[in-house]
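Heads up: the sequence shown begins at 0 in numbering that gives the first Met the number 0, then just goes up one per residue.
Backbone N, C-alpha and C define an ideal beta-carbon position, used for all residues, glycine too.
Here the structure is laid out as structure tokens; the discussion comes afterwards.
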Amino acid sequence: MASQNLTDEQAKELDRLLRFAHLMKMRSQWKEAEDTCRKALAISPNDAGIYEMLGDILWERGKLDDATLQFKTAMQLAPGKASPEEKYAKTILEKSEAEREKAIALEMLENPQKYPTRQKNPAVAFILSAVFPGLGQFY
């Protein structure tokens, strides 16, 4: 990770913050990891690795818009580095898929007549359960 023009004290604090952020990330303590990454960015605002880590954390928290922004910043700071580009693309695809699923769900709610469901027969479920216990639940 880049640490240009940092004093020894700043470099030590940055290292401590990044280790702590990584530990919080491993423990799935996402809020603490995010806050720690943001503190590290205050010390080293041009470090692509910190932006990438913050993007990972935000992605885990479900904040796809914010994660996309962090990965994009990491790509700009470290052009040609594959991992932020990959994560950026994955996040964009995930966002578009979520938007598509939301649109489909809204369409189904607004026009239920377009999506008929087959009526279930309790007698068939009973017979299936009698022949193969538990199978009636899947009917």
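(message) Taking 8 Å as the threshold (C-beta atoms), are Glu31 and Thr53 in contact?
(response) Residue 53 is actually Leu in this sequence, not Thr. A distance of 8 Å or more separates the beta carbons of Leu53 and Glu31.
(message) Please tell me whether Met23 and Thr35 are closer than 8 Å, where the distance is taken between their beta carbons.
(response) Yes, the Cβ-Cβ distance between Met23 and Thr35 is below 8 Å.
(request) Check whether the Cβ atoms of Ala47 and Leu57 lie closer than 8 Å to each other. (result) no
(message) Please give me, in chain order, every unbroken run of the alpha helix (DSSP H) with length at least 4 that falls completely inside the stretch 47 to 85.
(response) The qualifying runs are 47 to 59, 63 to 76.
(request) Take Asn120 as the anchor and find which of Gln136, Thr6, Pro44 has the nearest alpha-carbon. (result) Gln136
(request) Find the nearest neighbour of Asp64 within the set Ala97, Leu17, Lys113, Ser27, judged by alpha-carbon distance. (result) Ala97
(request) Give the single residue among Ala73, Thr90, Gly79, Thr72 whose Cα lies nearest to the Cα of Gly61. (result) The residue among Ala73, Thr90, Gly79, Thr72 with its C-alpha nearest the C-alpha of Gly61 is Thr90.
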